[in-house]
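Trainee: In my numbering, the protein residues as written are 496 to 1197.
1. Could you check how far apart the C-beta atoms of residue 596 and residue 621 are, in whole angstroms? I think they sit under 8 Å.
2. Which partner residues of residue 529 appear in the DSSP bridge assignment?
3. Since I believe residue 1082 is in contact with residue 1145 (beta carbons under 8 Å), could you give me their beta-carbon distance rounded to a whole number of angstroms?
4. Using 9 Å as the threshold, is the C-beta distance between residue 1174 and residue 930 below it?
5. Could you name each continuous beta strand (DSSP E) segment of 3 residues or more that falls completely within the stretch 992 to 1052, going from the start of the chain to the end?
6. Tell me the DSSP secondary structure of residue 1055 in three-state form.
7. Identify every run of the beta strand (DSSP E) within the stretch 767 to 818, keeping only runs that are complete inside it and at least 3 residues long; order them along the chain.
8. Provide the residue span of the beta strand (DSSP E) that contains residue 515, from first to last.
9. Quick one, which of 513, 586 and 1186 has its alpha-carbon nearest residue 894's?
10. Using the C-alpha atoms, what's the distance from residue 908 back to residue 932?
11. Of the residues 751, 717 and 628, which one's Cα is nearest the Cα of residue 728?
12. Pairing CB atoms from the stretch 509 to 516 with CB atoms from the stretch 837 to 847, are three or more of them under 8 Å?
13. Buried or exposed: residue 1004, going by 16 or more other Cβ atoms within 10 Å of its Cβ?
14. Runs of 3 residues minimum, wholly inside the stretch 598 to 647: which ones carry the beta strand (DSSP E) assignment?
15. Output yes or no for whether 9 Å exceeds the beta carbon distance between residue 767 and residue 537.
16. Could you pull out every residue in the same chain whose Cβ sits closer than 7 Å to the Cβ of residue 724, ignoring the five residues on either side in sequence?
17. Specify whether the stretch 815 to 834 and the stretch 794 to 803 touch according to this definition: at least 3 beta carbon pairs, one from each stretch, less than 8 Å apart.
18. Identify which residue in 526, 617 and 956 has its Cα closest to the Cα of residue 603.
19. Residue 498 by DSSP, collapsed to three states: which one?
20. What does DSSP give as the partner residues of residue 841 in its beta bridges?
21. Excluding sequence positions up to five away, which residues of its chain have a Cβ less than 8 Å from the Cβ of residue 834?
22. State the start and end residues of the unbroken alpha helix (DSSP H) segment that holds residue 658.
23. So the candidates are 551, 1035 and 1010; which of them puts its Cα closest to the Cα of residue 773?
24. Quick one: give me the first and last residue of the beta strand (DSSP E) that residue 960 is part of.
25. To the nearest angstrom, how far is the alpha carbon of residue 645 from that of residue 612?
26. So the alpha helix (DSSP H) residue 468 belongs to, where does it begin and stop?
27. For residue 706 and residue 639, which I take to be in contact (beta-carbon distance under 8 Å), what is that distance rounded to the nearest angstrom?
28. Just checking my contact of residue 1180 with residue 1168 at CB under 8 Å: how many whole Å lie between their CB atoms?
29. In angstroms with no decimal places, state the Cα-to-Cα distance between residue 925 and residue 1183.
30. Between which residues of its own chain and residue 1123 is the CB-CB distance below 7 Å, once the five residues before and five after are set aside?
31. Going straight from the alpha carbon of residue 553 to that of residue 999, what length do you get?
32. Below 7 Å CB to CB, which residues in the same chain sit around residue 656 once its five sequence neighbours on both sides are set aside?
33. According to DSSP, residue 856 sits in a beta bridge with which residue or residues?
34. Within the continuous beta strand (DSSP E) that includes residue 1068, where are the two ends?
35. Select from 993, 996 and 961 the residue whose C-alpha is nearest the C-alpha of residue 983.
36. Helix, strand or coil for residue 1157 per DSSP?
Here it is in C-alpha cells:
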C-alpha cells in the first residue's frame, strides 16, 4: 500500500506553469525540446520528466527524445553514444532489438517463415555482414516481396539469393549470405528430435555463430549490456534440465522466448542530467527543472481499478491502491503537491485530444495560470528542420537546385515506360524521373488471393484469348448460349490456372474456383454488351508497336483496335475501375495512353473509348468522330482533327519536359501523392516546407 507524507520545503520561489499541447505526441516532443534548451543554457541542470503512464508509453517517449537529442541517430554510419537520458522504467529483454533479432535468427531452423520477419532479419545489423551485403539483401527483399507469398521457405531464400548473386555479378564464394544459408540447411538435421536444455543451449550458440551473430557493427553501450544479460537467459534456460524434461526445437525456442520476455532490462547509464520517471518514482526527488506531463482528466487522478479477487468494500475500507475514486483522488492530490515542490521551476502539461476524443486539464492543475507552449519553447521546429541544422553544424553545406536534372541523352540512356512516361510526367515530374530514369520501383505487400492488378490482368488475358478466336462480332452472334458459355468457362479457367501456377501454394483451389466464376460472370455480361454494338471486326489485340515521338523511342501496347463496318477505327482500353472522359483533358492528362496512340497511329483513328467492365457498370465511355451511332461514344466538343492536334501539343510538351530533365516536385493533386507514397522518402514532399524555410534562413544569414 502506497502512503505519501507531505514534506514542506523551504522554497518560496517555486515557479509553477501550466501549458497545453494539441496531442500527446506534441506534448512529449515539447518536453524533449524544452529539456534540450535547458541543458544548452545550463549543462549542470538536473531535469526531471514525470510521465504518470510511463509503463504504457515508454517506447514513444524514448523515440521522441532520441529524435530531438540526436536527429541523425537512425543513420547506420552515425557514431553511437549514450544520450543524456535515464529511464526509471525498464523493458523486457526479449523486446530489445538485439534480442528480438537473436530469437528470430534462431527461428530460421523452421521450414518456412513469415515474409515480414525474414525481410526484417535481412535488414538487421545483427545478422552477418549486413553492411557489406546491403545491395544483395535489398535486391533479395524486393524479389521475395514480388513473389506475392506470405511465407518464405529456406529453399526459396537460398534459390533467389543464388540467382541474384549471378545477376549482380557477385561470386558465390564472395557472398557470405549464400554460404550461411547453405550451412544452415545442412545444420537443420541436428534440430530434429527431443533433447535436453544443455543440448539446445549448445545448439543455439553454434547456430548463432554460423549466422554471423551479433553482426560486424560495433555495439553501443546498451546493446552490449543486453548481450551480457542474454548469457543470463541461457543460464536460466539450462536450469530446465533439473525438471528431467526433454524438448523438441519449437518447444525449446518457446521456453527461451518466455525466459527472455520475463527478464527485465534496465540500462546502466552514467549520471544522466535528464531523468524520465513514472508517477511514483518522481515523488520526493529534487531537480533544478521539472516537467510533469499527461495530466488530463482521464488520467489524473487515475481511473479506479479495484482487485477483482478481493471484496470491494474491504479494499475501500483499507484504502488499498486503486480501490475507489476517492482514494485515487487523494493519492493524486498528494503526488501533485510533491511535484509542486520538487524544483524551482515546475511545468504541468496536458493534451487537448487523443486519437479518439477531446481531453481537458485535470481539476488538480486547472487553477494554475495557462502559458502558451510557444513561450516555453523558442525552437519548436520539426524533426526535419533539426536534421538540417545538425547537418549544417557538422559540415559545409552546398545548396544545389534540384528542379533540373541532366537532360536525357537518348543515344546513351534507355527510355523506359512507353505510355506510362507521359502519365508519370503529367502526375509529377520528379516521380517520373525517379521511376523511369533512376529505376525506382514500387513493391506492394502480398495480399490474400489475387491483387487488383492481377484481377485486371486476368480480364485482359481472357478477353484477348476470346477475341483471337472469334475475330469479329458476327462470330460472337453465331455462337449459341451453350457454346459461348463453354468458351468463356474454358478461357477463364485457363488464365486463372496459369496465374495460380505462378503464385504457387499461396492461392487455394476453392479461391481459384471462385475467382474463375467471378471472371466468367463479368465476361459473360460484357459480351452481351458487345452483341448490341454496331458490326465490327477486331483488327488488333494487345498489339505492340514501336514509334518515335518527339525524339523519344517508345514501345506502346494497345488493348484492342476495332474496325467498324464503315471502316472507322476505334481504339479500346479495358478498365476495371471508374474511368472518366475528363482523364483525357487538360495539360496534365490522367490517362494519356489512348490519345498518344491516336496521334501516333499510322492509320486515321476515328474514336477512342474506355471499356468499363466491373460489377457496378458495363459501358462504353469514349469520344471521337464516328460516322454512325455507338452507345457511350459521343462527338467531341471540337472537331476531331483539332482535338488530335491539341493532344499532340500537350504530349509533345510532356515529352520535352521529360527530355530536358524537369524534376520539379509538383504533384498534380493530393490523390497523386497518395498513389505515390512509396516515393515520399525520395521526393521528400513532406519535408518541403521545412527545407524551404531552412534554406531561406541560411541564405538570409550569408
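Cβ coordinates follow ideal geometry from the N, Cα and C atoms, glycine included. Note that this is a predicted model, so its numbers are computed, not measured.
Mentor: For this structure:
1. The sequence position of residue 596 within the chain shown is 101, counting from 1. The sequence position of residue 621 within the chain shown is 126, counting from 1. Going by Cβ atoms, the distance from residue 596 to residue 621 rounds to 4 Å, so yes, they are a contact pair.
2. Locating residue 529 in the chain shown gives position 34, counting from the first residue. Residue 529 has no beta-bridge partner at all, per DSSP.
3. The residue you call residue 1145 lines up with position 650 of the chain shown. The residue you call residue 1082 lines up with position 587 of the chain shown. Right, their Cβ atoms sit about 5 Å apart.
4. The residue given as residue 1174 occupies position 679 in the chain shown. The residue given as residue 930 occupies position 435 in the chain shown. For the 9 Å CB-CB criterion, residue 1174 and residue 930 form a contact.
5. Whole beta strand (DSSP E) segments, 3+ residues: 1031 to 1044.
6. Here residue 1055 refers to the residue found at position 560 of the chain shown. Of the three classes helix, strand and coil, the one that applies to residue 1055 here is strand, per DSSP.
7. Whole beta strand (DSSP E) segments, 3+ residues: 769 to 772 and 784 to 787.
8. Along the chain shown, one-based indexing puts residue 515 at 20. Segment 510 to 516, the beta strand (DSSP E) holding residue 515.
9. Numbered from its first residue, the chain shown carries residue 894 at position 399. The candidate whose alpha carbon is nearest that of residue 894 is 1186.
10. As a working mapping, residue 932 is identified with position 437 in the chain shown. As a working mapping, residue 908 is identified with position 413 in the chain shown. Roughly 8 Å between the two C-alpha positions.
11. Working through the chain shown from its first residue, we reach residue 728 at position 233. When only C-alpha atoms are compared, the closest one is 751.
12. Look at the beta carbons and you see the stretch 509 to 516 touching the stretch 837 to 847: at least three pairs across the two are nearer than 8 Å.
13. One-based indexing of the chain shown puts residue 1004 at position 509. An exposed status is given to residue 1004, since fewer than 16 other beta-carbon atoms sit within 10 Å of its beta-carbon.
14. Fully enclosed beta strand (DSSP E) runs of 3 or longer: 607 to 609.
15. Position 272 of the chain shown, counted from the start, is the residue given in the question as residue 767. Position 42 of the chain shown, counted from the start, is the residue given in the question as residue 537. The Cβ-Cβ distance between residue 767 and residue 537 does not fall below 9 Å.
16. One-based indexing of the chain shown puts residue 724 at position 229. 588, 758 and 760.
17. The answer is yes - the stretch 794 to 803 touches the stretch 815 to 834, with three or more Cβ pairs under 8 Å.
18. The residue given as residue 603 occupies position 108 in the chain shown. For residue 603, the closest of 526, 617 and 956 by C-alpha to C-alpha distance is 617.
19. Indexing the chain shown from 1 puts residue 498 at position 3. For residue 498, the predicted model reports a pLDDT of 47, less than 50, meaning its position is unreliable and no value from the coordinates is stated.
20. As a first step, residue 841 is located in the chain shown; it is residue number 346 there, counting from the start. Paired residues: 511 and 785.
21. The count along the chain shown starts at 1 and reaches residue 834 at position 339. Closer than 8 Å at Cβ, skipping near neighbours: 545, 777, 778, 785, 787, 841 and 843.
22. The sequence position of residue 658 within the chain shown is 163, counting from 1. Per DSSP, the unbroken alpha helix (DSSP H) holding residue 658 starts and ends at 649 to 662.
23. The count along the chain shown starts at 1 and reaches residue 773 at position 278. Among 551, 1035 and 1010, the Cα nearest to that of residue 773 is on 551.
24. Stepping through the chain shown from its first residue, residue 960 is reached at position 465. Where residue 960 is concerned, there is no enclosing beta strand (DSSP E), although the alpha helix (DSSP H) it sits in stretches over 947 to 965.
25. Within the chain shown, numbered from 1, the residue matching residue 645 stands at position 150. Within the chain shown, numbered from 1, the residue matching residue 612 stands at position 117. The alpha-carbon separation between residue 645 and residue 612 amounts to approximately 10 Å.
26. Nothing about residue 468 can be reported from this structure: the residues present for the chain run from 496 to 1197 only.
27. Walking along the chain shown from the start, residue 706 turns up at place 211. Walking along the chain shown from the start, residue 639 turns up at place 144. Residue 639 and residue 706 do not touch by the CB rule: their CB atoms are close to 18 Å apart, not below 8 Å.
28. By one-based count along the chain shown, residue 1180 stands at place 685. By one-based count along the chain shown, residue 1168 stands at place 673. About 6 Å separates the two Cβ atoms, so the contact holds.
29. The sequence position of residue 925 within the chain shown is 430, counting from 1. The sequence position of residue 1183 within the chain shown is 688, counting from 1. Between the C-alpha atoms of residue 925 and residue 1183 there is a straight-line separation of about 13 Å.
30. Taking the chain shown and counting its residues from 1, one reaches residue 1123 at position 628. So the list reads 1029, 1059 and 1061, once near-sequence residues are dropped.
31. Indexing the chain shown from 1 puts residue 553 at position 58. Indexing the chain shown from 1 puts residue 999 at position 504. Straight-line spacing of the CA atoms in residue 553 and residue 999 works out to 43 Å.
32. Position 161 of the chain shown holds residue 656. Answer for residue 656: 635, 672, 673 and 676, listed in chain order.
33. The residue labelled residue 856 in the question sits at position 361 within the chain shown. 791.
34. Locating residue 1068 in the chain shown gives position 573, where the first residue counts as 1. Unbroken beta strand (DSSP E) run through residue 1068: 1064 to 1070.
35. Taking the chain shown and counting its residues from 1, the one referred to as residue 983 is at position 488. Ranking the options by Cα distance to residue 983, first place goes to 961.
36. Taking the first residue of the chain shown as position 1, residue 1157 is located at position 662. In this structure, residue 1157 counts as strand in the three-state DSSP scheme.
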